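J.: Residue numbers (numbering that gives the first Met the number 0), protein chains in the order written: chain A, 0 to 323; chain B, 0 to 509. Ideal Cβ placement from N, Cα and C applies to all residues, glycine included. Keep in mind that this is a model prediction, so the values were computed, not measured.
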Amino acid sequence: MTNNSLTLEQASALAERIRLEISKGLIGQQQVVRETLVALLAGGHVLIEGVPGLGKTLLVRALAQTISGQFARIQFTPDLMPADISGHVLFDMQNQTFNVRKGPVFTNLLLADEINRAPAKTQSALLEVMQEQQVTIEGKPYPVPLPFMTLATQNPLEQEGTYPLPEAQLDRFLLKVFIGYPTLEEEAEMVAVVTDQQIGDRFNLASLQAIASPEQVLEMQKVAANIAVDVAVLDYAVRITRATRQWQGLRFGAGPRGSLALIRAARAHALLEGRDFVHPDDIKQVCLPVLRHRVSLAPEMELEGYTADHLLAAVLEKTEAPRK
Amino acid sequence: MKLDDITTLIRLRTPWEAADLGFAMVQNNWRGIFPAWTLLLFSLSLIIWLLMPSDYTGYIPILLWWLKPVYDRILLHIYSRQMFSQPLSTADIFSALPGLIWNTGLLGALTWRRFSASRGFNLPIWQLEQLRGTPRKERQNLLHLQAHSYAVWLTVACLHLEYTVIFSLYALILFFDPTERVWDYLVSAFVENLDVEVQYWGSLIYVVLYTLTVWLIEPFYMAASFSLYLNRRTQLEAWDIELTFRSLGDRLRGLTQHAFGIALAVMLALSALPPAPVFASEQAEQEYLAGEALPAEDSAEQIKAIMQLDEFSQVRTVKRWMPKEKDEDKTDKNLFELSESVQVLFASAMKGMLWIAVVVLLVLAFVYRRQILAMLKPLQRKAAKQPPPDILFGMDIRPESLPDDIATACRRLWDTGQQRDALSLLYRAALMRLTRHDHIQVQDSHTEGDILQLARPHLAGQRIAWLTAVTRAWQEIAYAHRIPPNERIYPLFDDWLNFGATQATVEAQA
Numbered sequence: 000m001t002n003n004s005l006t007l008e009q010a011s012a013l014a015e016r017i018r019l020e021i022s023k024g025l026i027g028q029q030q031v032v033r034e035t036l037v038a039l040l041a042g043g044h045v046l047i048e049g050v051p052g053l054g055k056t057l058l059v060r061a062l063a064q065t066i067s068g069q070f071a072r073i074q075f076t077p078d079l080m081p082a083d084i085s086g087h088v089l090f091d092m093q094n095q096t097f098n099v100r101k102g103p104v105f106t107n108l109l110l111a112d113e114i115n116r117a118p119a120k121t122q123s124a125l126l127e128v129m130q131e132q133q134v135t136i137e138g139k140p141y142p143v144p145l146p147f148m149t150l151a152t153q154n155p156l157e158q159e160g161t162y163p164l165p166e167a168q169l170d171r172f173l174l175k176v177f178i179g180y181p182t183l184e185e186e187a188e189m190v191a192v193v194t195d196q197q198i199g200d201r202f203n204l205a206s207l208q209a210i211a212s213p214e215q216v217l218e219m220q221k222v223a224a225n226i227a228v229d230v231a232v233l234d235y236a237v238r239i240t241r242a243t244r245q246w247q248g249l250r251f252g253a254g255p256r257g258s259l260a261l262i263r264a265a266r267a268h269a270l271l272e273g274r275d276f277v278h279p280d281d282i283k284q285v286c287l288p289v290l291r292h293r294v295s296l297a298p299e300m301e302l303e304g305y306t307a308d309h310l311l312a313a314v315l316e317k318t319e320a321p322r323k
Numbered sequence: 000m001k002l003d004d005i006t007t008l009i010r011l012r013t014p015w016e017a018a019d020l021g022f023a024m025v026q027n028n029w030r031g032i033f034p035a036w037t038l039l040l041f042s043l044s045l046i047i048w049l050l051m052p053s054d055y056t057g058y059i060p061i062l063l064w065w066l067k068p069v070y071d072r073i074l075l076h077i078y079s080r081q082m083f084s085q086p087l088s089t090a091d092i093f094s095a096l097p098g099l100i101w102n103t104g105l106l107g108a109l110t111w112r113r114f115s116a117s118r119g120f121n122l123p124i125w126q127l128e129q130l131r132g133t134p135r136k137e138r139q140n141l142l143h144l145q146a147h148s149y150a151v152w153l154t155v156a157c158l159h160l161e162y163t164v165i166f167s168l169y170a171l172i173l174f175f176d177p178t179e180r181v182w183d184y185l186v187s188a189f190v191e192n193l194d195v196e197v198q199y200w201g202s203l204i205y206v207v208l209y210t211l212t213v214w215l216i217e218p219f220y221m222a223a224s225f226s227l228y229l230n231r232r233t234q235l236e237a238w239d240i241e242l243t244f245r246s247l248g249d250r251l252r253g254l255t256q257h258a259f260g261i262a263l264a265v266m267l268a269l270s271a272l273p274p275a276p277v278f279a280s281e282q283a284e285q286e287y288l289a290g291e292a293l294p295a296e297d298s299a300e301q302i303k304a305i306m307q308l309d310e311f312s313q314v315r316t317v318k319r320w321m322p323k324e325k326d327e328d329k330t331d332k333n334l335f336e337l338s339e340s341v342q343v344l345f346a347s348a349m350k351g352m353l354w355i356a357v358v359v360l361l362v363l364a365f366v367y368r369r370q371i372l373a374m375l376k377p378l379q380r381k382a383a384k385q386p387p388p389d390i391l392f393g394m395d396i397r398p399e400s401l402p403d404d405i406a407t408a409c410r411r412l413w414d415t416g417q418q419r420d421a422l423s424l425l426y427r428a429a430l431m432r433l434t435r436h437d438h439i440q441v442q443d444s445h446t447e448g449d450i451l452q453l454a455r456p457h458l459a460g461q462r463i464a465w466l467t468a469v470t471r472a473w474q475e476i477a478y479a480h481r482i483p484p485n486e487r488i489y490p491l492f493d494d495w496l497n498f499g500a501t502q503a504t505v506e507a508q509a
């Protein structure tokens, strides 16, 4: 930690300022903003689920604005090709050379809107960049600018003509975040802000300030990665993940990547709290968004109206907290 | 009653098996039952028919039905003697009648107990055990414990059997009546007043058929009820075990005396067993059919020849009135009237039954009003209060495991370099206080943060502040392995007394 140019306190304060700045643009949705920041600090990707019109795009744009990062959006459609995402090689007739045209994936923050509308082949084009943070075009790897974060959205209502994300792809997302309707006060405030001296219904993001640079975000990620995790806490995270594998009502549980994600997200959570160590409460706080997309419900539980969150809450209730 | 003389195999049966045994008893001993039973029932029926004024002959079946407890007593008398190897002659049965009428609670059975659905099952208590008053009631309650519902269902089943038999008998007459006069009588019985002669014959047929029905079903009903009763007593008094022990004792005594004779008899019996036939039956059948089998063509010719005979080739013309126009047809009108009157009859019966059901339900609702009101109240089930845990997070938090002066003990540990142990002891003491005195339900899955959340509504400002500070210090030393500074920790030791003081201590100090 001493090698970083940012101290823990500075990193934590910066994260808090970013959170506050985003909140100016995206009114309400405190939990979503917090969880997105956790993913950013942990260097992970987020899958956001919610009905249209709740501010998913706004969140990404506001985040990009506050970290002075590049932002790109891909609208996933059934006819989208992998090359439309990653880029391709074009032959330049004039210069008689092959030129690489980089796709929208070469950005800091990538919004993959309605990711489940594209077939699995196209969805898988994101796998390499999410995991390796590089794209291979014509056999040559091209690194994407760092920090890189994918925020994919999916609509829970429309099931027709959609392609559910394969488990391998779901596992690549650090968190799955639910974005819900704002409260009455939040919505009233948002309507007042958006309609005040505005043409159309676009949010005015020009008022948002850039709080950090992409380099600073990278340093914050380093600070988060250096946060201490005691063996007992590590053991707690692993026990939770393993408990999902034999849990009654779950078709399958989370793999080892679930344990890794729990610790990474818990570190980021501790950083947001301004702590230089992780304690079991951090694990509990991030457990649902980290694990809910890594487990699959048994059909009978789905029929009875249970969700992954219900069963994960039961897992947490039955898993002993660290014994010190 | 000598159990040794019992003529059936006594063992514990299911209630329906026992009822079956009763039916089998009647089939097996019908010679000893039906002569006297026939004579008695038909005589009674005849006497009633003769004595009844002609205007009231239609009520005779009801009277015959009402007198069923009388028949039951006679039948039970026969069965109870047969069961213990004392066959009765018809004269014996007739001579027992006065005793059966006077000493078996017949008056009650014909009046307020007439509608008892388990009358057959209860009768042995009156007649054979001769119990009266409270002992009879207690005995009946005991026997009813596991057999009452079966006795009731047996009565219901036999009642339906009676309906089946009487309808079948009517149907039988209809099938064998070429004049259709019985059908006309049945149809007109519902729609118009009959002349005296038709009514007389109709009533006579009804009485005969009903007497036949009772004659057929009642012995089976009573035998099944008696068998149910015996089975219940076997269950209560272990008759089967007693009999087994007795026969075992007899056999052992006999064996010692006639061991050689028995062995010889067994050997002879085994050698005399015939071998099983293997081909015999098949061969016999083939030989038997060979003489009469004809080829197909010959058979057809033979059949044709037979059909040419006068007996099979007669043609008879039957003329019937057929409806020309539906409205003018009398038969159809009659049928319509019949169906309408049957519907009205059925509707009235159903209406009456529904009203009775409503009244019964209202009475029951009034009788059981407390239970019903109790059911309507919202459930006020309190969660069972769990005893406070002894061990939490691997820490022993029993009061006896902690030192008397916690603050001093913690400070001593802290000053001697055992900072982790000192904070562990302080946190343990805090948990003990929360679980035992503040009654906070802490589970194994609760983290330190969860406990703070749980404690927040229960603790006053200073106490929750102290607990928060201790929790933070404990988390720091446990998970970050960092020792908090003395100036942060010493006040926590000092304030333990404020946190840990019970209400009584506080009042005493005040």
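1) Which residues of the region 279–298 of chain A have a Cβ closer than 7 Å to any Cβ of chain B? Give them in chain order.
2) Helix or strand or just coil, what does DSSP make of Ala152/A?
3) Kindly indicate the opening and closing residues of the beta strand (DSSP E) around Asn98/A.
4) Is the Cβ of Val232/A closer than 8 Å to any Cβ of chain B?
5) Using alpha carbons as the reference points, say which of Phe311/B, His159/B, Asp91/B and Phe189/B lies closest to Glu339/B.
6) May I ask you to list, following chain order, the residues of the region 456–485 of chain B that have a beta carbon less than 8 Å from some beta carbon of chain A?
7) Name the chain A residues whose beta carbon is nearer than 8 Å to that of Gly448/B?
8) Looking at chain A, is there any beta carbon in it that lies within less than 8 Å of the beta carbon of Ser444/B?
9) Count the C-beta pairs between the region 128–147 of chain A and the region 178–195 of chain A that are closer than 8 Å, then say yes if the count reaches three, no if not.
10) Since Thr154/B and Gly119/B are thought to touch, with beta carbons under 8 Å apart, how far apart are those beta carbons, to the nearest angstrom?
11) Could you compute how far the alpha carbon of Leu39/A sits from the alpha carbon of Leu453/B?
12) Three Cβ pairs or more, each shorter than 8 Å: is that satisfied between the region 144–155 of chain A and the region 98–112 of chain A?
13) Taking its Cβ as the centre, do 16 or more other Cβ atoms sit within 10 Å of Phe114/B, making it buried, or is it exposed?
14) According to DSSP, what are the bridge partners of Gly86/A?
15) Would you list the residues sitting across from Ser295/A in a DSSP beta bridge?
16) Round the Cβ separation of Pro322/B and Trp36/B to the nearest angstrom and send it over; I've been treating them as touching at under 8 Å.
17) Please report how far the alpha carbon of Glu48/A lies from the alpha carbon of Gln30/A, in whole angstroms.
18) For Tyr141/A, which residues does DSSP report across the bridge?
19) Quick one: is Asn94/A buried, meaning 16 or more other Cβ sit within 10 Å of its Cβ, or exposed?
20) Please check if any C-beta of chain B sits within less than 8 Å of the C-beta of Leu315/A.
21) Strictly below 8 Å CB to CB, what residues from chain B border Thr318/A?
22) If we define contact as Cβ-Cβ less than 8 Å, is Ala224/A a contact residue for chain B?
23) Using 8 Å for Cβ pairs, my map puts Ile476/B next to Pro483/B. What's the rounded Cβ distance?
24) Which chain B residues are close to Ala227/A, counting only those with a beta carbon under 8 Å from its beta carbon?
25) For Ala111/A, report the span of its alpha helix (DSSP H) as first-last.
26) Buried or exposed: which applies to Ala209/A, given that a residue is buried once 16 or more other Cβ atoms fall within 10 Å of its Cβ?
27) When you compare only the Cα positions, how much space is there between Gln284/A and Leu19/A?
28) I think Leu58/A touches Val32/A, with their Cβ atoms under 8 Å apart; what is that distance to the nearest whole Å?
29) Using 8 Å as the limit for Cβ to Cβ distance, is Asp275/A near chain B?
30) Would Leu271/A and Ala14/A qualify as a contact pair, given that the criterion is a beta-carbon distance under 8 Å?
31) Report yes if the C-beta distance between Leu122/B and Asp71/B is below 8 Å; otherwise report no.
32) Taking the continuous beta strand (DSSP E) assigned at Phe172/A, which residues delimit it?
33) Just tell me which of Asp239/B, Asn102/B, Arg410/B and Phe22/B has its CA closest to the CA of Leu130/B.
34) State yes or no: is the C-beta of Tyr149/B within less than 8 Å of the C-beta of Pro34/B?
35) Out of Arg427/B, Asp443/B and Asp449/B, state which residue places its alpha-carbon closest to the alpha-carbon of Val498/B.
T.: On the basis of the supplied data:
1) Pro279, Asp280 and Lys283
2) Checking the displayed sequence, the identity of residue 152/A turns out to be Thr instead of Ala. It is a strand residue.
3) Thr96 to Lys101
4) yes
5) Phe189/B
6) Gln474, Glu475, Ala477, Tyr478, Ala479, His480 and Arg481
7) His278, Pro279, Asp280 and Lys283
8) yes
9) no
10) 7 Å
11) 31 Å
12) yes
13) exposed
14) Lys101/A
15) Phe251/A
16) Not really, about 50 Å apart at Cβ, beyond 8 Å.
17) 13 Å
18) Val134/A
19) exposed
20) yes
21) Ser444
22) no
23) 7 Å
24) Tyr478, Ala479 and His480
25) Careful: Ala111/A lies outside any alpha helix (DSSP H), inside the beta strand (DSSP E) at Leu108 to Asp112.
26) exposed
27) 20 Å
28) 7 Å
29) yes
30) yes
31) yes
32) Counting along the chain, Phe172/A falls outside any beta strand (DSSP E), and DSSP gives it neither H nor E.
33) Asn102/B
34) no
35) Inspection of the sequence shows that residue 498/B is occupied by Phe rather than by Val. Ranking the options by Cα distance to Phe498/B, first place goes to Arg427/B.
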